[in-house]
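For reference, the structure is listed below as C-alpha cells.
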Amino acid sequence: MSKQLEAQIHHIHDIVGNALTQGKYIIFGTGSTQLINAAIHALSPHNSSSPSIVVPLIPYYPLYKQQTEFFQEVEYKFEEDASLWMKKMNNCSNDDNIIEIVTSPNNPDGKLNSARFQHPNAKAIYDRVYYWPHFTAISAPADDDIMFFSLSKLTGHAGTRFGWAVVKDEIVFTRMNKYLSVNTMGVSHESQLRALHLMKVIIDQAKEGETIFDFGYKTMRNRWEKLNEIVSVSKRFSLQKLESQYCNFFHKIRGPSPGKIRYMRHFLFYDHKH
Numbered sequence: 001m002s003k004q005l006e007a008q009i010h011h012i013h014d015i016v017g018n019a020l021t022q023g024k025y026i027i028f029g030t031g032s033t034q035l036i037n038a039a040i041h042a043l044s045p046h047n048s049s050s051p052s053i054v055v056p057l058i059p060y061y062p063l064y065k066q067q068t069e070f071f072q073e074v075e076y077k078f079e080e081d082a083s084l085w086m087k088k089m090n091n092c093s094n095d096d097n098i099i100e101i102v103t104s105p106n107n108p109d110g111k112l113n114s115a116r117f118q119h120p121n122a123k124a125i126y127d128r129v130y131y132w133p134h135f136t137a138i139s140a141p142a143d144d145d146i147m148f149f150s151l152s153k154l155t156g157h158a159g160t161r162f163g164w165a166v167v168k169d170e171i172v173f174t175r176m177n178k179y180l181s182v183n184t185m186g187v188s189h190e191s192q193l194r195a196l197h198l199m200k201v202i203i204d205q206a207k208e209g210e211t212i213f214d215f216g217y218k219t220m221r222n223r224w225e226k227l228n229e230i231v232s233v234s235k236r237f238s239l240q241k242l243e244s245q246y247c248n249f250f251h252k253i254r255g256p257s258p259g260k261i262r263y264m265r266h267f268l269f270y271d272h273k274h
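Each residue of the sequence shown is one higher than the one before, starting from 1 at the first, in UniProt numbering.
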C-alpha cells in the first residue's frame, strides 16, 4: 500500500506541476508538522560542539517555534527571526550551522518566500503545504532539497493527519526515517489507506477534466472577494494587496485566493489617522 501511495503522490505532483519529485525520496508523516521536526533533527550535526540555529522569517506559523523548543535537543536551538539573524552573520564563522524554515506560500501572509542564507553550512527546509493551485498561482515546479506537503491543505481532510516530505539526499532521508520510526513507529495504515483513496479520486477527476482545484479555487477566491468587500467599507482598516499572477496549472492569469487566514493581523492594516 505504501508503494501505491508513493506512486500516487508522484502522479499528483506531475499533474499539478507544483513540485519535481521524480528520483527523490518520499517520506510519510503524521501531518507535515511532524516531518519538519524530523528534518531539523536529520540536518543537525550530531558531532558538533555548537547547536544548529533554526530560524524562520517573520511572520511565521507559531507552531514552528513551539514544536522546535518543545523537542529541543543539544543539536539545535530556535531563534526568532531570519532577518535579525542575518544581521548577526558578520560575527558568525562559516562553521555555524543554519537551518532555515522557508514557508512558501507563507502562512499567514501568503508570500512566496525563498531561502535567505547562502553560506556553505546553511540548509533550507521548505514548507510547501499551500503550494496548490486553489491557494496560489503555480509559477514553476518547486525543486527544493527538502519540501513538505499535507493532505489537510490538498483536500481539506485535516483529521486524517497525513503529510509527506520530498527529499533529495539519501542520508537525510535515512535520518528522517529513523526519527519517525522511533517517534511514532510510522504512519497508521488507516491514514495511508484514506490518503490513497482520496488521491485516486483526484487523479480520476483530472482525467475527466474537472478537478478539486477548480472547485477549491472558486471557493477560496469567492471568500477572498467577500472579505475585500467587508473591509472596503471600513475607514480604519485596509486589506493586504495581493497581485494576480499567471498560473501554469490553469493556463491563465488568476486572482488571489489565499488559504485559511488564521492571523488576520498580518492581512489587515490599521490607519492611525482616523
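For each residue, glycine too, the CB sits at the ideal point set by N, CA and C.
Best match in the options for proximity to residue i [C-alpha to C-alpha]
| i | options | result |
| --- | --- | --- |
| N228 | D214, S257, E210, Q34 | S257 |
| V182 | G17, A38, H11, G31 | A38 |
| T103 | F237, R128, N97, E80 | R128 |
| Y179 | S2, L35, N107, F215 | L35 |
| S150 | I101, P51, A7, T30 | T30 |
| I171 | D143, R221, D14, Y25 | Y25 |
| N107 | F250, I27, Y126, F28 | Y126 |
| A115 | A165, I99, Y130 | I99 |
| K207 | A7, I12, L5 | I12 |
| C247 | R161, P133, H189, T160 | P133 |
Residue span of the alpha helix (DSSP H) that contains residue i, given as start and end
| i | result |
| --- | --- |
| D204 | 189–208 |
| V16 | 2–16 |
| F135 | Run containing F135: none; DSSP gives neither H nor E here. |
| Q66 | 63–70 |
Residue i: first and last residue of the uninterrupted beta strand (DSSP E) it sits in
| i | result |
| --- | --- |
| S238 | 237–239 |
| V166 | 163–167 |
| S52 | 52–56 |
| Y76 | 76–78 |
| Q245 | 245–247 |
| S150 | 146–150 |
Residue i, DSSP secondary structure in three states
| i | result |
| --- | --- |
| T103 | strand |
| R221 | helix |
| R175 | helix |
| I253 | strand |
| F28 | strand |
| H274 | Caution applies to H274, whose pLDDT of 46 falls short of 50 and renders its modelled position unreliable; the model cannot decide the point. |
| A38 | helix |
| K226 | helix |
| A158 | helix |
| P114 | Per the sequence presented here, residue 114 reads as Ser, with Pro not at that position. Three-state DSSP puts S114 in coil, outside helix and strand. |
| F267 | Its pLDDT being 49, under 50, F267 is placed unreliably in this model, and the value from its coordinates should be taken loosely. Residue state, collapsed to three classes: coil. |
| D127 | strand |
| S44 | coil |
| S181 | helix |
Per-residue burial, residue i [other beta carbons within 10 Å of its own, 16 or more giving buried]
| i | result |
| --- | --- |
| V74 | exposed |
| P120 | exposed |
| F148 | buried |
| T174 | exposed |
| K252 | exposed |
| V16 | buried |
| Q192 | buried |
| S57 | Residue 57 is actually Leu in this sequence, not Ser. It is buried - the Cβ of L57 has at least 16 other Cβ atoms within 10 Å. |
| G259 | buried |
| residue 355 | Residue 355 falls outside the range modelled here, since the chain spans only 1 to 274, and no answer is possible. |
| V166 | buried |
| T219 | exposed |
| K153 | buried |
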